[in-house]
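For the sequence shown, the positions run -2 to 152 when my numbering is used. These notes concern the structure reproduced below.
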Amino acid sequence: MFGQLSHEAEVKVGASKAWDLYGTIKLALMVKEHLRDTFLQVDILEGDGGVGTVIKLVLAEGFSYKEKFTKVDQEHHVKETEMIEGGLRDMGFSLYRVRLEVIGKEEEELCVIKSTIEYEVPDDGSVDVSIISVKPFADIAEVAKKLLTTSAGTN
C-alpha cells in the first residue's frame, strides 16, 4: 500500500531566499538548533547537502534513523530524502520519502514551502500507518518562516 501526506506553508520571502535554506545543509543545521524538543539529535554523517548526503536524526519519541538526500534540483527547488536505516524502516515500511519544494508565486516576495511524505508498506495490514505525520515538517516550516522573515534569516 502506497500513501502520501502533504503540508504547505506560505512564506513572505522570495523562492530563492527560501531555497537557500531548504536546498542546502542549512536546513539540517536549523533543525538541530531550533527544534531540539522534536529532534534530539541531528548529525551530518557524510556530504555537504547535495545528493548522497546522509544525516542521522534522533526524535523525541525515542527512535532514530538515517536519511539520504536522493534529489536536489536547484532549478525546480525540489529536494528529496529517503529513510535508509532505522526508524520506520525497522517497523516494516519499505519506503519513507520526504519531498521538500519551494514554489514561487507571482508576487516576487512570496513562496510556498510544500512538504510531502510518501510511504509504502505491505498490503497485509501489519504496519500501523497512523503514526505517519506531517507535524514535524509543519514545525520546520514555521521555524523557517520566522527565520526567513526576520533579520536572522538574511544571513
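All residues carry an ideal CB built from backbone N, CA and C; glycine is no exception. Note that the coordinates shown come from a computational prediction; the quantities given were computed from them, not determined experimentally.
Given this structure, state the Cα-to-Cα distance separating residue -2 from residue 119, to the nearest angstrom.
So the two alpha carbons sit approximately 6 Å from each other.
Mapping the DSSP letters down to three states, classify residue 9 as helix, strand or coil.
Of the three classes helix, strand and coil, the one that applies to residue 9 here is coil, per DSSP.
Between the alpha carbons of residue 30 and residue 144, how many angstroms are there, rounded?
Taking the CA atoms as reference points, residue 30 sits about 12 Å from residue 144.
Which whole-angstrom value describes the C-beta separation of residue 100 and residue 141, a residue pair presumed to lie in contact below a C-beta threshold of 8 Å?
At roughly 14 Å, the Cβ-Cβ gap does not stay under 8 Å, so residue 100 and residue 141 are not in contact.
DSSP three-state call for residue 102: helix, strand or coil?
Coil.
Tell me, which residues are paired with residue 1 by DSSP?
Partner(s): 115.
Roughly how many whole angstroms lie between the Cα atoms of residue 137 and residue 17?
Spanning the two alpha carbons is a distance of roughly 15 Å.
Given that a residue counts as buried once 16 or more other Cβ atoms are within 10 Å of its Cβ, and exposed if not, what is residue 57?
Exposed is the call here.
Between the C-alpha atoms of residue 67 and residue 131, what's the straight-line distance to the nearest angstrom?
Approximately 20 Å, taken between the alpha carbons.
What does the alpha-carbon distance come out to for the pair residue 89 and residue 61?
Near 15 Å, if we compare the C-alpha coordinates of residue 61 and residue 89.
Residue 38 - partner residues in DSSP beta bridges
Partner(s): 55.
Tell me which same chain residues have a C-beta within less than 7 Å of the C-beta of residue 48, skipping the five on either side of it?
Only 66, 67, 68, 69 meet the Cβ criterion.
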